[in-house]
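**Q** Residues 5 to 754 (our numbering) make up the sequence shown, in order.
Positions of the beta carbon are idealized from the N, C-alpha and C atoms, including for glycine.
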Amino acid sequence: MRRTAAVAVLAALLATLATLEIDAQQDDRATRLREQIDRIFLTNDYASPRFGPARWLPDGTAYAIVERTPAGAEIARYDAATGARSVQVPASRLTPPGGAALDIDDYAWSADGQRLLIFTNTRKVWRNNTRGDYWVLDLEGGRLRKLGGEAPEATLMFAKFSPDATRVAYVRANNLYVERLADGVITPLTTDGSETTINGTSDWVYEEELGVRDGFRWSPDGRRVAYWQFDSTGVGLFSLINDTDTLYPVVTQIPYPKAGSTNSSVRIGVVNADGGVTRWLKTPGDPRDTYLARLDWVDPGTVAMQQLNRLQNRNDFLLGDVDSGEVRRVFRDESTTWVDVDEVRWIANGAAFLWVSERDGWQHVFRVPRDGGDAQLVTRFDADVISVAGLDETAGWLYLLASPTNATQAYLYRSRLDGTGVPERVTPGDQPGSHSYDLAPGGRMAFHTYSSFDRLPTMDVVALPTHRSLRQLTNTQAVSAKVAPLLSPPAEFFAVDVGGGVTLDGWMLKPATFDPSRSYPVIVHVYGEPAAQTVTDRWGGGRMLFHRALAEAGYIVVSVDNRGTPAPKGAAWRKVVYGTVGDLSSKEQAAAVRALAARHSFIDASRIGVWGWSGGGSNTLNVMFRFPDVFHVGVSVAPVPDQRLYDTIYQERYMGTPQGNADGYGVGSPINFAEGLRGKLLVVHGSGDDNVHYQGTESLVNRLVELGKPFDLMVYPNRTHGISEGPGTTVHVYQLIARYFLDHLAPGPR
Numbered sequence: 005m006r007r008t009a010a011v012a013v014l015a016a017l018l019a020t021l022a023t024l025e026i027d028a029q030q031d032d033r034a035t036r037l038r039e040q041i042d043r044i045f046l047t048n049d050y051a052s053p054r055f056g057p058a059r060w061l062p063d064g065t066a067y068a069i070v071e072r073t074p075a076g077a078e079i080a081r082y083d084a085a086t087g088a089r090s091v092q093v094p095a096s097r098l099t100p101p102g103g104a105a106l107d108i109d110d111y112a113w114s115a116d117g118q119r120l121l122i123f124t125n126t127r128k129v130w131r132n133n134t135r136g137d138y139w140v141l142d143l144e145g146g147r148l149r150k151l152g153g154e155a156p157e158a159t160l161m162f163a164k165f166s167p168d169a170t171r172v173a174y175v176r177a178n179n180l181y182v183e184r185l186a187d188g189v190i191t192p193l194t195t196d197g198s199e200t201t202i203n204g205t206s207d208w209v210y211e212e213e214l215g216v217r218d219g220f221r222w223s224p225d226g227r228r229v230a231y232w233q234f235d236s237t238g239v240g241l242f243s244l245i246n247d248t249d250t251l252y253p254v255v256t257q258i259p260y261p262k263a264g265s266t267n268s269s270v271r272i273g274v275v276n277a278d279g280g281v282t283r284w285l286k287t288p289g290d291p292r293d294t295y296l297a298r299l300d301w302v303d304p305g306t307v308a309m310q311q312l313n314r315l316q317n318r319n320d321f322l323l324g325d326v327d328s329g330e331v332r333r334v335f336r337d338e339s340t341t342w343v344d345v346d347e348v349r350w351i352a353n354g355a356a357f358l359w360v361s362e363r364d365g366w367q368h369v370f371r372v373p374r375d376g377g378d379a380q381l382v383t384r385f386d387a388d389v390i391s392v393a394g395l396d397e398t399a400g401w402l403y404l405l406a407s408p409t410n411a412t413q414a415y416l417y418r419s420r421l422d423g424t425g426v427p428e429r430v431t432p433g434d435q436p437g438s439h440s441y442d443l444a445p446g447g448r449m450a451f452h453t454y455s456s457f458d459r460l461p462t463m464d465v466v467a468l469p470t471h472r473s474l475r476q477l478t479n480t481q482a483v484s485a486k487v488a489p490l491l492s493p494p495a496e497f498f499a500v501d502v503g504g505g506v507t508l509d510g511w512m513l514k515p516a517t518f519d520p521s522r523s524y525p526v527i528v529h530v531y532g533e534p535a536a537q538t539v540t541d542r543w544g545g546g547r548m549l550f551h552r553a554l555a556e557a558g559y560i561v562v563s564v565d566n567r568g569t570p571a572p573k574g575a576a577w578r579k580v581v582y583g584t585v586g587d588l589s590s591k592e593q594a595a596a597v598r599a600l601a602a603r604h605s606f607i608d609a610s611r612i613g614v615w616g617w618s619g620g621g622s623n624t625l626n627v628m629f630r631f632p633d634v635f636h637v638g639v640s641v642a643p644v645p646d647q648r649l650y651d652t653i654y655q656e657r658y659m660g661t662p663q664g665n666a667d668g669y670g671v672g673s674p675i676n677f678a679e680g681l682r683g684k685l686l687v688v689h690g691s692g693d694d695n696v697h698y699q700g701t702e703s704l705v706n707r708l709v710e711l712g713k714p715f716d717l718m719v720y721p722n723r724t725h726g727i728s729e730g731p732g733t734t735v736h737v738y739q740l741i742a743r744y745f746l747d748h749l750a751p752g753p754r
């Protein structure tokens with residue numbers, strides 16, 4: 005008996021020691037992970053070298069850039085090919101008498117290059133809209149003058165020179181003004197601006213979903229201004245409550261149309277630049293149930309507009325006569341699902357324009373006559389145009405990004421503008437990964453950015469079409485040396501068959517000490533909606549390095565792009581989710597994990613985590629609720645639990661209206677499947693999120709409480725959708741996510 009007892013004691017002691025050793029390993033992993041996250045997001049040890057922002061100058065051989073000097077900001081000119089530098093505007097000329105040098109947030113040259121418009125002292129309106137002060141520098145006379153007259157500080161928006169640079173138009177307090185530079189006389193072009201009448205800029209949903217911000221355009225002859233006017237009367241007001249900055253809460257109300265609700269009434273008018281009565285263009289349809297997504301001038305008597313119907317499955321290209329207000333349709337693009345909006349590029353001296361469409365099953369570029377007629381295909385290949393990069397019209401070429409054989413990458417191609425021949429690749433074949441280009445006027449040079457998943461982005465100037473590198477603009481040597489230990493082993497891209505003839509792209513990160521004979525927990529990073537891909541062969545910055553840090557801590561990290569994401573795989577791939585966004589994505593994410601676990605014995609199917617942000621937060625909820633046998637721990641950041649709570653333009657584009665597609669909204673919204681939750685769930689949201697409202701998370705909290713489901717919640721007061729405002733916020737979010745996985749999904753092999 006004594007021997008048996010001694011053996012039992014020894015076994016217990018050994019088990020205790022083993023447990024202590026495991027705990028010590030876990031503590032060490034947690035410490036190293038926490039330190040690495042600090043290096044990524046707090047001290048920014050791995051920040052990529054930056055260039056610019058730079059502006060190509062009109063001759064296409066040189067660029068301008070703002071540079072900081074001890075005396076203040078100055079604007080320098082660089083010869084793009086040689087790097088020869090000269091000072092265009094010294095800091096001394098950007099310093100008001102008796103004041104400090106202006107801090108340049110943005111700037112614009114007049115068409116003749118003799119005047120400079122400077123934007124400074126900026127204040128945020130919401131995400132991408134800012135207001136501030138504008139100054140004009142006369143380069144010949146040296147005069148530096150502030151615009152706006154007696155306007156309060158930092159209240160001007162979107163100032164633009166007239167074509168002859170004698171006047172500047174701008175928006176203030178939802179009214180449009182023109183200021184004469186010779187004598188400072190200010191002429192109001194509108195006087196009815198108010199909280200509900202918005203002239204020359206946009207409401208929240210147009211800015212967020214259609215990219216409409218600077219809402220007016222000078223005519224080519226400078227005699228008129230065309231502008232958007234929004235009437236937000238009747239649009240529901242969403243209240244954001246700031247509980248922390250003052251003794252009593254402060255409420256900010258934003259007109260925000262939720263899916264199926266009333267939109268702003270929108271119209272486009274043309275007014276004389278000297279003031280007078282606005283001529284409203286007679287666009288067809290109910291102005292609350294159509295979208296005027298684009299506006300530009302064609303010639304001094306004609307404006308061009310793109311008008312979407314409410315369901316966004318039809319886009320009409322309209323030309324409006326500014327004298328009569330009459331409008332005619334030149335071209336219609338339509339689909340059984342949705343159509344996207346892109347910029348129109350005029351060619352052939354205004355006789356034709358280029359239009360991006362999926363009308364033949366691929367995203368292609370078409371040439372359309374101005375006076376109407378058949379659209380001629382320009383990009384003749386069975387592949388998608390990812391985006392249009394620029395034009396060399398003199399030589400007859402259109403430059404575009406595409407990747408016909410690998411949807412995770414992007415390369416420069418060129419296609420003949422007359423539609424003959426097939427697009428030819430310009431990016432060299434020995435540079436696998438993703439490339440982007442900023443073409444100079446004329447299309448003979450470009451800023452070129454190149455990266456891959458494990459390669460920091462580098463920038464150089466290239467000559468086109470040879471792609472010969474003329475000058476390096478960034479040097480990544482020092483940062484590459486620091487980040488190199490995090491990039492081993494290299495990322496693995498894979499394709500996984502999820503059944504039904506569907507193959508999905510993905511990537512996988514493994515620990516540096518990976519042992520294929522053992523099994524590891526997996527963390528899946530998901531987005532899964534039509535707005536973005538996660539599986540791209542390009543440098544992912546801080547978030548990618550966060551995933552690298554998780555892998556180093558003992559996890560396998562995986563991401564898969566389900567159908568419905570905007571991969572260049574054809575329109576059918578992207579649009580199969582129409583009407584039920586959130587349903588197919590969750591099924592295919594679960595199928596991908598099952599298939600990977602069946603393929604790889606080193607994947608521990610009993611330890612699967614998932615996390616995502618925004619649409620990825622929604623999909624995290626969907627997979628946790630619908631497939632609790634597959635996903636065991638989830639972190640959902642800023643999700644949309646109920647799709648009825650998001651905005652009209654985004655949600656209705658992919659889903660139709662709730663009134664017309666109640667079943668689709670039901671099957672796509674994770675809140676309706678909350679009873680399926682069995683694993684550990686953390687929901688994270690900013691209470692000041694003006695985009696994806698905290699309201700949705702509160703609704704989910706109520707549902708989970710009603711169901712008696714345990715879960716965790718973290719709220720960041722007053723933070724917006726990016727949860728980045730305030731010192732320490734970003735690093736805190738990522739430390740939180742990491743800690744949740746460490747606590748509930750044990751890292752390391754078994």
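Should the region 559-567 be called in touch with the region 587-606, which here means at least 3 C-beta pairs below 8 Å?
**A** The region 559-567, when compared against the region 587-606, does touch it at the 8 Å Cβ threshold.
**Q** Between Q655 and T584, what straight-line distance do the alpha-carbon atoms span, to the nearest angstrom?
**A** By one-based count along the sequence shown, residue 655 stands at place 651. By one-based count along the sequence shown, residue 584 stands at place 580. C-alpha separation (whole angstroms): 11 Å.
**Q** Should the region 703-714 be called in touch with the region 235-245, which here means at least 3 C-beta pairs below 8 Å?
**A** The region 703-714 is not in contact with the region 235-245.
**Q** Which whole runs of the beta strand (DSSP E) in the region 39-65 are 3 residues long or more, in chain order?
**A** You should have 58-60.
**Q** If we call anything under 8 Å between Cβ atoms a contact, is D137 one with T124?
**A** Sequence index remark: in the sequence shown, residue 137 carries index 133 (1-based). Sequence index remark: in the sequence shown, residue 124 carries index 120 (1-based). Their beta carbons are under 8 Å apart, which means D137 touches T124 by this criterion.
**Q** Using the C-alpha atoms, what's the distance from K486 back to D49?
**A** To locate residue 49, count along the sequence shown from 1; it is residue 45. To locate residue 486, count along the sequence shown from 1; it is residue 482. Rounded to the nearest angstrom, the two C-alpha atoms are 8 Å apart.
**Q** Relative to the alpha-carbon of L443, which residue among I44, T65, T35 has its alpha-carbon at the smallest distance?
**A** Taking the sequence shown and counting its residues from 1, the one referred to as residue 443 is at position 439. For L443, the nearest C-alpha among the options comes from T65.
**Q** Report the rounded CA-to-CA distance for F457 versus D565, giving the unit in angstroms.
**A** Along the sequence shown, one-based indexing puts residue 457 at 453. Along the sequence shown, one-based indexing puts residue 565 at 561. Distance between the alpha carbons of F457 and D565 is about 15 Å.
**Q** Quick check on G672: does DSSP put it in helix, strand or coil?
**A** Here residue 672 corresponds to residue number 668 of the sequence shown, with the count starting at 1. Three-state result, G672: helix.
**Q** Taking the runs of the alpha helix (DSSP H) that are 4 residues or longer, which of them lie wholly in the region 708-750?
**A** If we require 4 residues or more, the alpha helix (DSSP H) runs fully inside the region 708-750 come out as 733-748.
**Q** In chain order, what residues of the same chain have a beta carbon less than 7 Å from the beta carbon of Q699, not counting five sequence neighbours either side?
**A** Along the sequence shown, read from residue 1 onward, the residue named residue 699 stands at position 695. The residues are L649.
**Q** Is it right to say K514 is buried, meaning 16 or more other beta carbons lie within 10 angstroms of its own, or is it exposed?
**A** Reading the sequence shown from its first residue, position 510 is the one you call residue 514. Buried, because 16 or more other Cβ atoms sit within 10 Å of the Cβ of K514.
**Q** Could you check whether the region 574-584 touches the region 546-556, counting it as contact only if at least three pairs of C-beta atoms, one from each stretch, sit closer than 8 Å?
**A** The answer is no - the region 546-556 does not touch the region 574-584, with fewer than three Cβ pairs under 8 Å.
**Q** Tell me the DSSP secondary structure of K262 in three-state form.
**A** Within the sequence shown, residue 262 is the residue found at index 258, counting from 1. Residue state, collapsed to three classes: strand.
**Q** Thinking C-beta only, is N623 closer than 8 Å to S673?
**A** Within the sequence shown, the letter at position 669 stands for residue 673. Within the sequence shown, the letter at position 619 stands for residue 623. Going by C-beta atoms, S673 is not nearer than 8 Å to N623.
**Q** Does the Cβ of E362 have 16 or more other Cβ atoms within 10 Å, making it buried, or fewer, making it exposed?
**A** Counted from its first residue, the sequence shown places residue 362 at position 358. Classification of E362: buried, given that the 10 Å Cβ count is 16 or more.
**Q** To the nearest angstrom, how far is the alpha carbon of P662 from that of V216?
**A** Position 658 of the sequence shown, counted from the first residue, corresponds to residue 662. Position 212 of the sequence shown, counted from the first residue, corresponds to residue 216. For P662 and V216, the distance between alpha carbons rounds to 25 Å.
**Q** When the Cα atoms are used, what is the spatial distance from P645 to L708?
**A** Residue 645 sits at position 641 when you count from the first residue of the sequence shown. Residue 708 sits at position 704 when you count from the first residue of the sequence shown. Between P645 and L708, the C-alpha separation is close to 12 Å.
**Q** Provide the residue span of the alpha helix (DSSP H) that contains E213, from first to last.
**A** As a first step, residue 213 is located in the sequence shown; it is residue number 209 there, counting from the start. Segment 208-214, the alpha helix (DSSP H) holding E213.
**Q** With three or more beta-carbon pairs closer than 8 Å as the criterion, would you say the region 416-432 touches the region 373-391?
**A** Because the criterion of three Cβ pairs below 8 Å is met, the region 416-432 and the region 373-391 touch.
**Q** Counting C-beta neighbours from all protein chains within 10 Å, is the total for E212 16 or more, i.e. buried, or is it exposed?
**A** Here the question's residue 212 lines up with position 208 in the sequence shown. Buried, because 16 or more other Cβ atoms sit within 10 Å of the Cβ of E212.
**Q** Please classify G117 as buried or exposed, where buried requires at least 16 neighbouring CB atoms within 10 angstroms.
**A** On the sequence shown, residue 117 is found 113 positions in, with the first residue counted as 1. Exposed, by the Cβ-count rule.
**Q** Quick one: grab the DSSP three-state call for W577.
**A** Locating residue 577 in the sequence shown gives position 573, where the first residue counts as 1. Reduced to three states, the DSSP call for W577 is helix.
**Q** Identify the continuous beta strand (DSSP E) that holds F629 and give its terminal residues.
**A** In the sequence shown, residue 629 corresponds to position 625, counting from 1. Looking at the DSSP string, F629 is not in any beta strand (DSSP E); the run it does join, the alpha helix (DSSP H), is 619-630.
**Q** Less than 6 Å between C-beta atoms, sequence neighbours within five positions excluded: which residues of the same chain meet that for D83?
**A** Taking the sequence shown and counting its residues from 1, the one referred to as residue 83 is at position 79. Excluding residues within five positions, the ones whose Cβ falls inside 6 Å are A66.
**Q** State buried or exposed for V91, treating a residue as buried only when at least 16 other CB atoms are found within 10 Å of its CB.
**A** Along the sequence shown, one-based indexing puts residue 91 at 87. Per the 10 Å Cβ criterion, exposed.
**Q** Taking 8 Å as the threshold (C-beta atoms), are A450 and L468 in contact?
**A** For the purposes of this step, residue 468 is taken as residue 464 along the sequence shown, with counting starting at 1. For the purposes of this step, residue 450 is taken as residue 446 along the sequence shown, with counting starting at 1. Taking 8 Å as the Cβ cut-off, L468 and A450 qualify as a contacting pair.
**Q** Drop a sphere of 10 angstroms on the beta-carbon of Q310, count the other beta-carbons inside from all chains shown, and report buried for 16 or more, exposed for fewer.
**A** In the sequence shown, the residue the question calls residue 310 occupies position 306. Buried, since its Cβ has 16 or more Cβ neighbours within 10 Å.
**Q** Can you tell me the Cα-Cα spacing of V326 and L244, whole angstroms?
**A** Residue numbering aside, residue 326 sits at position 322 when the sequence shown is read from its first letter. Residue numbering aside, residue 244 sits at position 240 when the sequence shown is read from its first letter. Cα to Cα, the separation comes out at about 40 Å.
**Q** Have a look at T652, D694, R682 and flag the residue whose alpha-carbon is nearest the alpha-carbon of S268.
**A** The residue given as residue 268 occupies position 264 in the sequence shown. Ranking the options by Cα distance to S268, first place goes to T652.
**Q** Would you mind sorting Q257 into buried or exposed? The rule is 16 or more other CB atoms within 10 Å of its CB.
**A** Residue 257 sits at position 253 when you count from the first residue of the sequence shown. Under this definition Q257 is an exposed residue.
**Q** So what's I653 in DSSP terms, helix, strand or just coil?
**A** Taking the sequence shown and counting its residues from 1, the one referred to as residue 653 is at position 649. Looking at I653 - three-state DSSP - the assignment turns out to be helix.
**Q** Does the Cβ-Cβ distance between S523 and P753 come in under 8 Å?
**A** The residue you call residue 523 lines up with position 519 of the sequence shown. The residue you call residue 753 lines up with position 749 of the sequence shown. The answer is yes: Cβ separation under 8 Å.
**Q** Whose C-alpha, out of S265, W208, E702, N276, is nearest the C-alpha of Y231?
**A** Locating residue 231 in the sequence shown gives position 227, where the first residue counts as 1. Comparing Cα positions, the closest option is N276.
**Q** By how many angstroms is the C-alpha of Q40 removed from the C-alpha of A750?
**A** For the purposes of this step, residue 750 is taken as the residue at position 746 of the sequence shown. For the purposes of this step, residue 40 is taken as the residue at position 36 of the sequence shown. Each residue's Cα considered, the two are about 18 Å apart.
**Q** At which residue ranges does the region 430-480 contain complete beta strand (DSSP E) runs of 3 or more residues, listed in the order of the chain?
**A** If we require 3 residues or more, the beta strand (DSSP E) runs fully inside the region 430-480 come out as 438-443, 449-456, 459-467, 472-476.
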